[in-house]
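To keep things clear, I will list the structure first and then write my remarks on it.
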Amino acid sequence: MNFKDAAKSIIKPHEEDHLTPLTTVWGENIDPLCPLPEYPRPQMQRESFISLNGYWDYAVTSSGSFPSKFDGTILVPFSPECTLSGVGRQLLPSQFLWYRKTLPPLDLSDNCGTRLILHFGAVDYEAHVYINDICVTSHRGGYLPFHADITPYMKDGENQLAVKVRDVTHLESQARGKQSLTRGGIFYTAQSGIWQSVWLEQVPTSHIENVWFETDYDAHRVTAHITAAAGNDSPALSLSVYADSQPILHRTASFHNSSRTALSFTIPEEHFHSWSPESPFLYPVTITLGKDTVQSYFAMRIFTIEHRPLQTGPQKQPPYAKQQIPGFGKRPYANVKDKADPKASLVPVFCLNHKPCFLMGALDQGYWPDGLYTAPSDEALIYDITVMKSLGYNMLRKHIKVENARWYYHCDRLGMIVCQDMVNGGSRYHMPVISYLPTLFPSLAAHLKDSHYALLSRKDKRARKQWEKECMETVSHLKFFPSIAIWVPFNEGWGQFDTARITRMIKKKDPDRLIDSASGWFDQNCGDFISVHNYFRPLTVPVKKWADRAFFLSEYGGFACHVKGHSSVERIFGYKRFETIKGFQRAYRSLIQKSLLPLKKQGLSAAVFTQVSDVEEEVNGILTYDRKVNKLASRT
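Using the working numbering, you'd call the opening residue of the sequence shown number -17 and step up by one each time.
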């Protein structure tokens, strides 16, 4: 172990720092009259919607009473802490953030046949929503969507929408990710309020509320689960599936006095296509209920842990492994060739569609210098995915954040496998216990049981129940997206508790995915992976084998390289520092080719490099924080 590098990585708060403003090319070209104009819910898309993104009035108050005056305007859906919002102000735990907007004129004359649904992509953390001074809904949880039927509260003429927000970040036990009011190291600027799109939909009384697809890859079988709000007319439901630019299936059903129904069908052999990073085939679907029509999609794939012989010789590489990186050369694993040795012992490995698939992953924090949690545009989301795929990565680990739904849609259509973290919570963390000691003495971590609620910041029973609720809601919300392969309930003991029980809950809710129960350390002998973080020791696969769990190097790397003019602060945080981009490139190439990929022969199934981009002073990204420099492609 390099104790010098380990000592430098000890996290220190730097709340006195003033971050240097950085902009992305997308933030520089944003249209403030129509930010993020794309349909926010690609998994269930209607022909039209009314975006409420844009300028709203805002006020910060010390009480929960409706403000007598407002402080100015804020650009929604950007949080007040970020530059794109036009505010640049930190919401404190003792304060309330108010939003106000006059709704556009709407034709609700046919009130008996039309409902008006108000949608929020995400509001951090606790929100109360008012129409014409009447509270129509409230929501707790900063990362999940919610909606309300506001039809009964609308009146002729002008209607006023208001939202009250409170967010205490890390001062209580709420789920918060890496947000901190005392930012520094691996914890970043806290954000609050509306940070995903807000929109309206006018729908018939009988309308579709939710859709998800359950797929049986081996049987070529699909079940569409549909939830609807049915009126007195009880119209018929129809579903059409398309492939190769033509309709291949049509099914009908009714709800029979129930709000839920299921339609099952088999994909014809001649139209069966597997989904993979090399060929991300999606089946478009049209669903109609009376006068309501939505567009959706599904994919045919299966993620499993299966026993396979160790790899020892030439193996066919995916097409993108053979391409070139400007200024860098071949893909990071293009020179490593493996094939199975039939005489070797069997080891559990990750399989996609029953074929071994090495997950070459990168850690994706989902932070932006000008938008914090909110990407400045849809193109920005696409850029991160495509540039990582161009570098040979086939997996992104979305790190303790639930992303905008369009990000998952782009992973589905572009072919990027997703490892999805749950958002961590708990009271203030005991970093020596959950970070420094496990890093220095990993054998000690193997003996800590997660029933030690106090040590793991989980004494508050109500907070544990709230986290479980948000965890299950996250699974329900995201299980639609076929690119998601792995759920990660806990990371490095941050608010970890009852891991085996939580793993069973997730598996029952979604048996389709694999589970990395405890990423990093504090393994509780459950889940589908043995999951290790290793930044300071030589990369190895443990000699001891676990019968049915694959070995997952779920974090490694962390090479820090500060690029002048593209960093928020001059201070550098990282696990190994490099003064030049060329030094970074040489170390990266050596790490991947000489240390990481040879471990496939020993049973390594997946690995996650830290990380996609710099975030504030943590400059260990492949991309700079502003996404303007690719450290692996740069010639400087």
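From the three backbone atoms N, C-alpha and C, an ideal C-beta is built for every residue, glycine too.
Closer than 7 Å: residue i CB and nearest the ligand COA heavy atom
i    : result
G159 : The ligand COA is not part of the structure shown, which contains no ligands of any sort.
Proximity below 8 Å, CB of residue i to CB of residue j
i    : j    : result
A482 : C508 : yes
S439 : G397 : no
E288 : C333 : yes
E29  : R388 : no
P127 : A104 : yes
Y570 : L521 : no
S241 : D215 : no
T652 : A235 : No answer is possible for residue 652: it lies beyond the span of the chain, which begins at -17 and ends at 618.
N602 : F541 : yes
C401 : G343 : yes
E470 : M404 : According to the sequence as given, residue 470 is Val; it is not Glu. Yes, these two residues count as a Cβ contact at 8 Å.
R622 : V545 : No answer is possible for residue 622: the residues shown for the chain start at -17 and end at 618.
S220 : P22  : no
T2   : S550 : yes
D53  : D106 : no
L271 : I190 : yes
I484 : V457 : no
I99  : V193 : no
G407 : A445 : yes
Environment of residue i [buried if 16+ CB atoms lie within 10 Å]
i    : result
F280 : buried
Q593 : buried
A427 : buried
F423 : exposed
H381 : buried
D622 : Outside the modelled stretch of the chain, which goes from -17 to 618, sits residue 622, for which no answer is possible.
Y315 : With a pLDDT of 41 at Y315, under the threshold of 50, the modelled position of this residue cannot be trusted, and the question is left open.
H0   : exposed
L328 : exposed
V525 : exposed
C16  : exposed
A201 : exposed
A218 : exposed
G348 : buried
K304 : Any reading at K304 must be qualified, since the residue scores a pLDDT of 46, below 50, and its modelled position is unreliable; the value itself is stated next. K304 is exposed by the Cβ-count criterion.
S409 : buried
N11  : exposed
S595 : buried
K451 : exposed
Top-ranked residue by Cα proximity to residue i, from the options
i    : options                : result
P14  : S67, K582, I168, F31   : S67
S501 : Y355, L535, E561       : L535
E598 : D432, F472, C543       : C543
D619 : S513, V514, A211, G70  : Because residue 619 is not part of the residues shown, which for the chain are -17 to 618, the question remains open.
R531 : R559, F463, L496, K558 : L496
Q25  : Y375, I208, F518, F504 : I208
F31  : Q161, T606, L182       : L182
G36  : S50, P86, D492, Q72    : P86
P250 : H429, L231, N386, F237 : L231
H619 : K447, T421, H412, E450 : Any answer about residue 619 is impossible in this case: the structure gives the chain only from -17 up to 618.
A588 : D596, L579, I132       : L579
L586 : E537, D608, E561       : E537
T5   : S616, Y607, R617       : Y607
P358 : D346, N386, L341       : N386
R617 : T562, K583, S577       : T562
V185 : A109, S162, R233, V276 : V276
Run of the beta strand (DSSP E) containing residue i, from where it starts to where it stops
i    : result
G9   : Note, G9: premise wrong, no beta strand (DSSP E); alpha helix (DSSP H) at 7 to 10.
W469 : 466 to 470
S278 : 274 to 280
H392 : Here H392 belongs to no beta strand (DSSP E); instead the alpha helix (DSSP H) covers 387 to 396.
V369 : Premise fails: V369 lies in the alpha helix (DSSP H), 360 to 372, not in any beta strand (DSSP E).
H110 : 108 to 113
H202 : Careful: H202 lies outside any beta strand (DSSP E) and carries neither H nor E.
W80  : 78 to 84
W38  : 36 to 43
K558 : 558 to 560
Y224 : 219 to 225
V415 : Where V415 is concerned, there is no enclosing beta strand (DSSP E), given that its DSSP letter is neither H nor E.
Residue interval of the alpha helix (DSSP H) (run including residue i)
i    : result
C453 : 443 to 460
Q567 : 563 to 572
M487 : 481 to 491
P620 : There is no way to answer for residue 620, as the model of the chain reaches only from -17 to 618.
- [ ] Decide yes or no for the touch test of the stretch 111 to 118 against the stretch 139 to 149: beta carbon pairs closer than 8 Å, at least 3 of them.
- [x] With a cut-off of 8 Å on Cβ pairs, the stretch 111 to 118 is in contact with the stretch 139 to 149, counting three or more such pairs.
- [ ] Could you tell me whether the stretch 161 to 175 touches the stretch 52 to 69, using the rule of 3 or more Cβ pairs below 8 Å?
- [x] Cβ pair count under 8 Å is three or more, so yes.
Open item on the list: Under 8 Å: do the stretch 154 to 169 and the stretch 225 to 244 share three or more Cβ pairs, one atom per stretch?
Closed with: The answer is no - the stretch 225 to 244 does not touch the stretch 154 to 169, with fewer than three Cβ pairs under 8 Å.
Open item on the list: Counting beta carbon pairs with one atom in the stretch 254 to 265 and one in the stretch 358 to 370, are three or more of them shorter than 8 Å?
Closed with: Using a Cβ-Cβ distance cut-off of 8 Å, the stretch 358 to 370 and the stretch 254 to 265 are not in contact, since fewer than three pairs of beta carbons, one from each stretch, lie closer than that value.
Task: Meets three-Cβ-pair contact criterion under 8 Å: the stretch 41 to 58 and the stretch 71 to 78 - done: Yes, since at least three Cβ pairs between the stretch 41 to 58 and the stretch 71 to 78 fall closer than 8 Å, the two stretches touch.
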